[in-house]
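What follows is a set of notes on a single structure, which appears directly below.
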Amino acid sequence: MAEDCEAGAEEVAVPIARIEKGVGRPDILRLSRRDPNVDLSDSRYVVYLGQTYLSTLSHLRLARSRDGVHFTVDEKPFLFPGDLTESFGIEDARITDHVEFDPALAIKFTIRRIRPSGSPGDADIFGSQHYGPLLGIAVPER
Numbered sequence: 090m091a092e093d094c095e096a097g098a099e100e101v102a103v104p105i106a107r108i109e110k111g112v113g114r115p116d117i118l119r120l121s122r123r124d125p126n127v128d129l130s131d132s133r134y135v136v137y138l139g140q141t142y143l144s145t146l147s148h149l150r151l152a153r154s155r156d157g158v159h160f161t162v163d164e165k166p167f168l169f170p171g172d173l174t175e176s177f178g179i180e181d182a183r184i185t186d187h188v189e190f191d192p193a194l195a196i197k198f199t200i201r202r203i204r205p206s207g208s209p210g211d212a213d214i215f216g217s218q219h220y221g222p223l224l225g226i227a228v229p230e231r
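Residue numbers 90 to 231, in the working numbering, belong to the letters of the sequence shown in order.
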C-alpha cells in the first residue's frame, strides 16, 4: 500500500520512516510551501535541503476476514520500513504478476527470475512455493 498525507493549503506533508534502534515507525514531515528550500518541481517526490522524500511511502497493512469477502484493515502498518535501505518503502520491483485464488482465500505473486526455471544455478528447480519468511511473522488475533 502506498499512501500520501493530508496537508493544508500552505503546507506540504510527506510520509517518512523514522528509524530508531532498528525499528521503523511512520511519521509525517510537514513543510511550508513558501520555504525556498522546498523543491516541488516533480509530483513524485519533494526535495528539502538536498534530501529527497517520496510523496508516498509503501508499506503493508494487515487485512482480516472470516469469509473472504468482508475485510477489516488495521490502521497501523503491519510491515513497515525498518532501516535506511528501506527508507523509500518496502516494495519489490521484481513482482511481475499476481493471481487471486479464491478457494484458498490466497494471492500468489510472480517474481522475475534471474535465470529460467530449471537452468544451471536455479535454486528453485522444483518450482515450489517459498513461504519460509512468512512463517516467522506473528499475526495477532483480534
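Just so you know, even glycine gets a beta-carbon here, dropped at the ideal spot from N, CA and C. Fair warning: this is a prediction, and the values are worked out from it, not measured in the lab.
Same chain, Cβ closer than 7 Å to residue i, five either side skipped, listed in chain order
i, result
"Y142", "V103, I105, L118, Y134 and V135"
"G210", "R204"
"S144", "D93, V103, S132, R133, Y134 and V135"
"D163", "R150 and L151"
"L138", "N126"
"V101", "L120, R122, V127, L129 and V135"
Rounded distance between the beta-carbons of residue j and residue i, thought under 8 Å
i, j, result
"F198", "I184", "5 Å"
"E99", "R123", "7 Å"
"G113", "P170", "4 Å"
"L129", "G157", "Not really, about 42 Å apart at Cβ, beyond 8 Å."
Residue i, DSSP secondary structure in three states
i, result
"A193", "helix"
"E100", "strand"
"C94", "coil"
"D116", "strand"
Close-in-space but distant-in-sequence residues of the same chain around residue i (CB under 8 Å, 5 per side omitted)
i, result
"P160", "Checking the displayed sequence, the identity of residue 160 turns out to be Phe instead of Pro. Closer than 8 Å at Cβ, skipping near neighbours: A152, R153 and S154."
"D172", "I108, G111 and G113"
"H187", "I196, K197, F198 and T199"
Neighbour flag for residue i against chain B, beta carbons, 9 Å
i, result
"H187", "Of the protein chains in this structure there is only one, and it is not chain B."
Proximal residues to residue i (C-beta, below 6 Å), its chain only, five neighbours per side dropped
i, result
"D116", "I105 and R107"
"E189", "I196"
Check your understanding: Which ranges does the beta strand (DSSP E) cover as unbroken runs of at least 3 residues, wholly within the stretch 129-178, from first to last along the chain?
Key -> 134-137 and 140-143
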